[in-house]
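1319 is the number of the first residue of the sequence shown in our numbering; add one for each residue after it. Take a look at the structure set out below.
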Amino acid sequence: MSKVSIVYWSGTGNTAMMAGSIADGVAAAGGEAELITVDQASVDALKDASVIALGCPSMGAEQLEETQMEPFMCELDGVIAGKQIALFGSYGWGNQEWMRDWEDRIVADGATVVNGEGIAVNGTPGPDAEDELKALGQTLASL
C-alpha cells in the first residue's frame, strides 16, 4: 500500500468533499491519504510520489481555477512523467470539457490518468459519486 497525495482546490466545498471521499477509500484499503489544498502543496514534495490525485472544479469557460491551480499545474507539468494521476472535480454547467482537456494535458506530460478518465460530478456529490470516489481511493492505494 502506498501514500496517496490528494491535492485540490475547492471554491464551494464540492471538490473538497470529493477529496475526502477519495481519502476515505485510500484509508479503507489500508493506505495513507494526505489531503493538501493547492495553496499548501509543494511540487518538490510531489516529485517522489508515484501516485497523485488532483482535484479542481470547472471554472469560467470550462477551465482550471486560474490563480492557484493553473500555476500549480504549470509547475507540475514538468515533473509528472511516469506517474499515476487521478483527476476529479465538480462542475455546475457545460459538458465537462475542462476535464477532457485536463486528461489530455496529463497524458501529454507523460503521465497516466488512473482509470483512463477523471471523475466529474455535477454539483454536490451524491451517494453514487461518493461510492465511485471511494473506489478510486482504493485503486490509488493499491498502485
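Positions of the beta carbon are idealized from the N, C-alpha and C atoms, including for glycine.
Item: Neighbour-count burial assignment, Trp1411, 16 or more Cβ in a 10 Å radius; Value: exposed
Item: Residue burial classification, Asn1413 (beta-carbon count within 10 angstroms, cutoff 16); Value: exposed
Item: Leu1372 to Ala1359 span [Cα, whole Å]; Value: 11 Å
Item: Any alpha helix (DSSP H) of 4 or more consecutive residues that is wholly inside the segment 1323–1389; Value: 1332–1346, 1361–1364
Item: Closest Cα partner of Lys1321 within the set Leu1364, Thr1330, Met1335; Value: Leu1364
Item: Close beta carbons around Ala1399, own chain, < 8 Å, minus the five adjacent residues each side; Value: Asp1427, Gly1428, Ala1429
Item: Close beta carbons around Ala1337, own chain, < 6 Å, minus the five adjacent residues each side; Value: Ile1324, Tyr1326, Leu1353, Gly1373
Item: DSSP state of Asn1433 mapped onto helix, strand, coil; Value: helix
Item: Outcome for Glu1415 when other beta-carbon atoms lying within 10 angstroms are tallied against a minimum of 16; Value: exposed
Item: Test item: CB-CB of Ala1351 and Gly1455 under 8 Å; Value: yes
Item: Cα-Cα separation, Val1439 to Ser1376; Value: 10 Å
Item: Cβ-based neighbour list, Glu1450, same chain, cut-off 8 Å, excluding 5 preceding and 5 following; Value: Ile1437
Item: Where Ala1399 falls: helix, strand or coil (DSSP); Value: coil
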